[in-house]
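Here the structure is laid out as structure tokens; the discussion comes afterwards.
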Ligand code: NAD
């Protein structure tokens, strides 16, 4: 039996109403429409945002354009921008409890986890502040007496930043501070399901000293507000995190005006485990990898590829540990798995499980939605006897559902791991150095964890191969991503040429 943590009613929680930030002013949407957000764990309205339309997006883009073309931001010294980013990091840390609460009640994630994400986000803002001061180009003093070449890194311009609902504050923090460090101006659109913490970030950035128009934050649906942010000719770059389907659409839209795109998309990440692994540690990481953020995680380790000799033992032990996972009230500090983002998404997850069962998979634990009296929840679920061709083994379920597949040889494990369209991350478990490195080099994924899973650091680049995305976030090149390269080719002394005397 899964341990249940029944949600407490939010009681006297007041619905918080937000405006949007355009050109340094907090404003309503042009036509006055609003969106209400219901807490997935409590079933009551917790936030109300502006439902922007394309006219609002155009105003925000115009403000960002002016702030880039005329404003002080791109012309400030890196040291000045860096100080503002550091101030923002301090203010994020100071308001971390409020931001974590907003993410928990809007996304359904456990409050303890949300607080952890806020700590990680503040660290990223500090890291971006450090990188800001190291952004530099190159010089070539080796091109002969008559030439000096200088390669400049310039801010790319206006950046549209579009983010999903599963890590609302963390993901905007993987993009915005680096764009700002480079000197870009931005229009930010959080998910219409989880906009609150990004709007509070707007207040923080104002207080930190970011000038008007540099960060504009608009709220609304993807088709109404996100789409114009991907087509408008005044936007120079799009940084998008979300589903592979919308990522594809974003790239097609960007192609019309040849904007640069950075895409962080879906994943269906394998963990490959060999019989010589530390099985105790693996079992813990398998449960964590599958159920962290209720499996609503691009990095979820949702495919276990287990050596046949240990498959039965591993499945039984994961099923036993799954039963101990505490599912329920996102605001309870003990909760490990919170609520599912929407009732429609819960139906989709349950649909994958029933289709897999019909197809021959066996439910080793869980398998159904949980009725906790309010909100929507899914039991941690482990499916065995899953074949590589089943939808549950190839598609992103985005719920707490773990599929167990088996292999006999290293080549077979690699073939199964690489047999799908995604390539975001992977894990390998073995005490053998050669096994780990062979998997590490041959699995086509942006990150491969060895004897651990889902660890991260601001210094380490993150992103996907194949249909998991394009480009990398974090790491020391993260600021460069938001720049253009310009060559200054300078001539020294008398120039000889076509019509000049030699
Ligand atoms: P989504 O693609 O539905 O939405 C993401 C964002 O795009 C939202 O802000 C949405 O409003 C906007 N959007 C929707 N339609 C649009 C359109 N036509 N034009 C422009 N913008 C549009 O994704 P989601 O359901 O919010 O998030 C879950 C997905 O995000 C999963 O696939 C997950 O794997 C992926 N994700 C990837 C990473 C990563 O780093 N690779 C991280 C987190 C989430």
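Residue numbers (UniProt numbering): 1 to 502.
Don't be surprised by glycine CBs; every beta carbon is placed ideally from N, CA and C.
It should be emphasised that the depicted structure is a prediction, and the values quoted were computed from it without experimental measurement.
DSSP beta-bridge partners of residue i
i: residue 427; result: 271 and 449
i: residue 35; result: 49
i: residue 518; result: Outside the modelled stretch of the chain, which goes from 1 to 502, sits residue 518, for which no answer is possible.
i: residue 238; result: 160 and 261
i: residue 328; result: 5
i: residue 189; result: 162
i: residue 149; result: 140 and 489
i: residue 381; result: 401
i: residue 370; result: 377
i: residue 135; result: DSSP, once it has assigned bridges, lists no residue as partnering residue 135.
i: residue 304; result: 271 and 404
Assigned exposure category for residue i - 16 Cβ within 10 Å defines buried
i: residue 140; result: exposed
i: residue 408; result: exposed
i: residue 490; result: exposed
i: residue 431; result: exposed
i: residue 376; result: buried
i: residue 1; result: exposed
i: residue 475; result: buried
i: residue 50; result: buried
i: residue 72; result: exposed
i: residue 338; result: buried
i: residue 254; result: buried
i: residue 136; result: exposed
i: residue 55; result: exposed
i: residue 433; result: exposed
i: residue 118; result: buried
i: residue 498; result: exposed
i: residue 487; result: exposed
i: residue 61; result: buried
i: residue 143; result: exposed
i: residue 79; result: exposed
i: residue 296; result: buried
i: residue 33; result: exposed
i: residue 111; result: buried
Range covered by the beta strand (DSSP E) that runs through residue i
i: residue 484; result: 483-491
i: residue 348; result: It is not in any beta strand (DSSP E) - residue 348 instead sits in the alpha helix (DSSP H) that spans 343-358.
i: residue 321; result: Looking at the DSSP string, residue 321 is not in any beta strand (DSSP E); the run it does join, the alpha helix (DSSP H), is 308-322.
i: residue 230; result: Per DSSP, residue 230 belongs to no beta strand (DSSP E); it is in the alpha helix (DSSP H), 227-231.
i: residue 364; result: 362-365
i: residue 458; result: Where residue 458 is concerned, there is no enclosing beta strand (DSSP E), given that its DSSP letter is neither H nor E.
i: residue 503; result: The question about residue 503 has no answer, for the chain in this structure spans 1 to 502.
Beta-carbon contacts of residue i that lie in its chain and below 8 Å, excluding the five residues immediately before and after
i: residue 495; result: 146
i: residue 311; result: 384, 404 and 406
i: residue 283; result: 314, 317, 318 and 321
Cβ shell of residue i (< 7 Å), same chain only, five flanking positions each side left out
i: residue 13; result: 46
i: residue 420; result: 268 and 394
i: residue 465; result: 423, 444, 445 and 446
i: residue 202; result: 21, 215 and 217
i: residue 343; result: 376
i: residue 256; result: 231
i: residue 233; result: 257
i: residue 165; result: 107, 191, 193, 194 and 341
i: residue 155; result: 74, 182, 183, 184, 482 and 483
i: residue 132; result: 78, 81, 82, 85, 181 and 479
i: residue 414; result: 439, 442 and 443
i: residue 388; result: 405, 416 and 419
Range covered by the alpha helix (DSSP H) that runs through residue i
i: residue 178; result: 176-182
i: residue 277; result: Taken as a continuous stretch (DSSP letters only), residue 277 belongs to no alpha helix (DSSP H), as it is neither H nor E.
i: residue 93; result: 78-94
i: residue 54; result: 54-69
i: residue 199; result: 196-208
i: residue 253; result: 244-255
i: residue 392; result: 391-394
i: residue 440; result: 433-442
i: residue 130; result: 111-132
i: residue 402; result: Where residue 402 is concerned, there is no enclosing alpha helix (DSSP H), although the beta strand (DSSP E) it sits in stretches over 401-407.
i: residue 417; result: 410-417
i: residue 172; result: 168-173
Same chain only: Cβ atoms within 6 Å of residue i, ignoring 5 sequence neighbours per side
i: residue 188; result: 161 and 217
i: residue 285; result: 453
i: residue 366; result: 379, 380 and 381
i: residue 472; result: 461 and 463
i: residue 436; result: 428, 430 and 450
i: residue 16; result: 47
i: residue 374; result: 7, 42 and 43
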